[in-house]
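Trainee: Below: one structure in structure tokens.
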Amino acid sequence: MFDRFGARIDEIAFAPEYYTMLYRGYRAGVIEKIFAEKSLLPSYQIGYVASFYDSGVYCPYTVSMSTAVPLAKYGAPEVREKFLPPMLKRDDSVWQGATWMTEARGGSDLGANVDTIARRDGDNWKLTGDKFFCSNVGAELAVVAARPENAPNGVRGLALFLVPKLRADGSRNFFVRRLKSKIATRSVPTGEVELRDSEAYLLGTTDAGIYLILEVLNLSRIANSIGSVAVAQRAISEAYYFAQNRVAFGKPLFEQPLMRAQFEQRARELQNAFALAWYAARLLDEVYLQTPPYSDRYHLFRLVAHLAKYHTAEFAAQTSKWAMEVHGSAGVLDEFPIERLLRESMILAIWEGAPHRQILDALEVMKRKGAHELLFHEVAPRADPHALEDIAARVDSLLALSQNEMETQSEPLFRDLAEFTAISLTGI
0 MFDRFGARID EIAFAPEYYT MLYRGYRAGV IEKIFAEKSL LPSYQIGYVA SFYDSGVYCP
60 YTVSMSTAVP LAKYGAPEVR EKFLPPMLKR DDSVWQGATW MTEARGGSDL GANVDTIARR
120 DGDNWKLTGD KFFCSNVGAE LAVVAARPEN APNGVRGLAL FLVPKLRADG SRNFFVRRLK
180 SKIATRSVPT GEVELRDSEA YLLGTTDAGI YLILEVLNLS RIANSIGSVA VAQRAISEAY
240 YFAQNRVAFG KPLFEQPLMR AQFEQRAREL QNAFALAWYA ARLLDEVYLQ TPPYSDRYHL
300 FRLVAHLAKY HTAEFAAQTS KWAMEVHGSA GVLDEFPIER LLRESMILAI WEGAPHRQIL
360 DALEVMKRKG AHELLFHEVA PRADPHALED IAARVDSLLA LSQNEMETQS EPLFRDLAEF
420 TAISLTGI
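Structure representation (structure tokens):
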């Protein structure tokens, strides 16, 4: 970005109130507690509360976690010692992180669309390329997907790098071309970033980068699931408050039989979605320190992560739409909270892989790793035996089809598998 005199700015300015709200999470330990308690769950718990009030604020916490964890896990000792401590502070001097994978041609097919090149520079690297959708763009650190020079095409040629905001000499290490205008998460800045011989540090090895990239995405997918349930709970809460106080045909809306039945149904569905999201979070907490090759438990987590991300995002969008309907014309006005909740919920399906990506990756982990069998064994003690037998037979039949037929017919079954898993976890 440039000022009116043509000088680069590349700094993101916020209202003071934004910092007041944002730093509450860091002071509560949204990143530091991961390492102090050796668990991701405290971070996800803080994120749940943040998302109930503003899912845009949860985004910086999520991408900071998805920076700190791979840095601690795969960074060279001297890189960890330099960059991790500032991320663990519990005051306003804390460093934030970001995850920048997507380029102008898209984000799902990273193997084809990542054109950022990494060139060796002594013991470290320099990156050149353009990232198209960079949330928390003012962060002090970012993990970035790039292709080392002369690496093969496709996902096997990708690697993961840590890119600081400032070079070793204190000058800017990357440039912000412009900020994006989004329908939602407007409280977190998202921009286009220019990397021009940007100093970078390799995380892990160059031949295992795609696994590290997917680990980063999975951390964020669970955060997306947690945030989706929080948005749905907020939508139900707003609808409940409105329905108790809006009188129609002589009594509050909530006392109308059809309306009350809808609330009861949404409450049951919320419990199921909540259980599925936190089941995925607990599984990740068990396996997030594993490195390739992964265990069967990790493959079970992968399947559940896809189910949770898909199911909770769809539930949040449908529930927010329903809450708008409860409000009637008041629900479409931007002076009331429901309109924003609907906007926030509609993009939850997009982050960290759209629904079709979740389905296709789930098919892969079921077909190659037998993750569905691990899932059925896990939920069998709580599942309805007839429902379990039915869904298991349907999955086996689907996986026996040709690849094209399997993909074509997969979505209804995937939706039912997610719902079956959620119901089995709660029994309601």
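Residues 0 to 427, numbered by numbering that gives the first Met the number 0, are exactly what the sequence shown covers, in order. Even glycine gets a Cβ: it sits at the ideal position worked out from N, Cα and C. All values derive from a computational prediction rather than experimental measurement.
Given a cut-off of 7 Å on the beta-carbon distance, is the pair ALA234 and THR318 in contact?
Mentor: Their beta carbons are under 7 Å apart, which means ALA234 touches THR318 by this criterion.
Trainee: Alpha carbon to alpha carbon, how far is PHE300 from VAL286? Give it in angstroms, no decimals.
Mentor: Near 8 Å, if we compare the C-alpha coordinates of PHE300 and VAL286.
Trainee: How is ASP122 classed by DSSP in three states: helix, strand or coil?
Mentor: Of the three classes helix, strand and coil, the one that applies to ASP122 here is coil, per DSSP.
Trainee: How is the beta strand (DSSP E) around LEU161 delimited, first residue to last?
Mentor: Unbroken beta strand (DSSP E) run through LEU161: 158–163.
Trainee: Give the DSSP-derived three-state secondary structure of VAL143 in the structure shown.
Mentor: Looking at VAL143 - three-state DSSP - the assignment turns out to be strand.
Trainee: Looking only at its chain, what residues have a beta carbon closer than 6 Å to the beta carbon of GLY153, apart from the 5 residues adjacent to it on each side?
Mentor: Excluding residues within five positions, the ones whose Cβ falls inside 6 Å are GLY110.
Trainee: Taking SER170 as the reference, give the member of ARG7, LEU302, VAL394 and GLU343 with the closest Cα.
Mentor: Here the closest residue by C-alpha is ARG7.
Trainee: Which runs of the alpha helix (DSSP H), 4 residues or longer, sit entirely within the stretch 253–292?
Mentor: If we require 4 residues or more, the alpha helix (DSSP H) runs fully inside the stretch 253–292 come out as 256–286.
Trainee: How long is the line joining the alpha carbons of TRP350 and TYR18, rounded to whole angstroms?
Mentor: Looking at the two C-alpha atoms, the distance is approximately 24 Å.
Trainee: Name, in chain order, the residues that DSSP records as bridge partners for CYS58.
Mentor: According to DSSP, CYS58 bridges with nothing at all.
Trainee: Would you mind working out which of LEU202, LEU140, ILE346 and TYR73 sits nearest PRO85, comparing C-alpha positions?
Mentor: The residue with the shortest Cα to Cα distance from PRO85 is LEU140.
Trainee: What's the gap between the Cα of ALA417 and the Cα of LEU126?
Mentor: Those two C-alpha atoms are separated by around 40 Å.
Trainee: Please list the terminal residues of the continuous beta strand (DSSP E) segment that includes ARG104.
Mentor: No beta strand (DSSP E) contains ARG104, which DSSP labels as neither H nor E.
Trainee: On the DSSP letters alone, give me the boundaries of the alpha helix (DSSP H) that VAL187 sits inside.
Mentor: Careful: VAL187 lies outside any alpha helix (DSSP H) and carries neither H nor E.
Trainee: Please determine, among LYS32, SER92 and LYS72, the residue with the shortest C-alpha to C-alpha distance to LEU21.
Mentor: LEU21 has its Cα closest to that of SER92, out of LYS32, SER92 and LYS72.
Trainee: By Cβ distance below 6 Å, which residues in the same chain neighbour LEU412 in space, the five residues on each side in sequence not counted?
Mentor: Correct list, in chain order: ARG393 and LEU397.
Trainee: Should the stretch 378–395 be called in touch with the stretch 254–271, which here means at least 3 C-beta pairs below 8 Å?
Mentor: Too few Cβ pairs lie closer than 8 Å, so no.
Trainee: Report yes if the CB atom of SER344 is closer than 7 Å to the CB atom of ALA307, and no otherwise.
Mentor: In this structure, ALA307 does not lie closer than 7 Å to SER344 by Cβ.
Trainee: Going by CA-CA distance only, name the one from LYS37, GLU198, ASP206 and SER219 that's closest to THR66.
Mentor: Per the Cα distances, SER219.
Trainee: My guess is that VAL142 and LEU159 are in contact by the Cβ rule of under 8 Å, so how many angstroms apart are they, rounded?
Mentor: Contact flag correct, Cβ pair sits at about 6 Å.
Trainee: Residue range of the beta strand (DSSP E) that LEU178 falls in?
Mentor: Start and end: 174–178.
Trainee: CB LEU302 to CB LEU374, shorter than 7 Å?
Mentor: The answer is yes: Cβ separation under 7 Å.
Trainee: What is the DSSP secondary structure of GLY330, reduced to helix, strand or coil?
Mentor: Three-state DSSP puts GLY330 in a helix.
Trainee: How is VAL303 classed by DSSP in three states: helix, strand or coil?
Mentor: In this structure, VAL303 counts as helix in the three-state DSSP scheme.
Trainee: How should ILE264 be labelled, buried or exposed, when 16 other C-beta atoms within 10 angstroms of its C-beta is the threshold for buried?
Mentor: At residue 264 the sequence reads Gln, which differs from the Ile that was named. Classification for GLN264: exposed.
Trainee: Mapping DSSP to helix, strand and coil, what is ARG342?
Mentor: Helix, per DSSP.
Trainee: According to DSSP, ILE116 sits in a beta bridge with which residue or residues?
Mentor: In DSSP, ILE116 forms a bridge with THR127 and ARG146.
Trainee: Less than 7 Å separating the beta-carbons of LEU157 and GLY74?
Mentor: In this structure, GLY74 does not lie closer than 7 Å to LEU157 by Cβ.
Trainee: Between the alpha carbons of ARG342 and ALA348, how many angstroms are there, rounded?
Mentor: Between ARG342 and ALA348, the C-alpha separation is close to 12 Å.
Trainee: GLY327: buried (16+ other C-beta within 10 angstroms of its C-beta) or exposed?
Mentor: Counting Cβ neighbours within 10 Å, GLY327 comes out exposed, since fewer than 16 surround it.
Trainee: Measure the beta-carbon distance from ILE470 to VAL62 and round it to whole angstroms, keeping in mind my assumption that it falls under 8 Å.
Mentor: Because the chain spans 0 through 427 in this model, residue 470 falls outside it and cannot be assessed.
Trainee: Going by the beta-carbon positions, is the gap between LEU194 and LEU70 smaller than 7 Å?
Mentor: The answer is no: Cβ separation not under 7 Å.
Trainee: Identify whether PHE82 lies in helix, strand or coil by the three-state DSSP scheme.
Mentor: Three-state DSSP puts PHE82 in a helix.
Trainee: Sort out for me which residues DSSP pairs GLU193 with in a bridge.
Mentor: DSSP, once it has assigned bridges, lists ASP129 and PHE174 as partnering GLU193.
Trainee: Below 8 Å, can you find three or more Cβ-Cβ pairs linking the stretch 195–206 to the stretch 123–138?
Mentor: Yes, they touch.
Trainee: Just verifying my parser: in three-state terms, what is the DSSP assignment at SER134?
Mentor: Of the three classes helix, strand and coil, the one that applies to SER134 here is strand, per DSSP.
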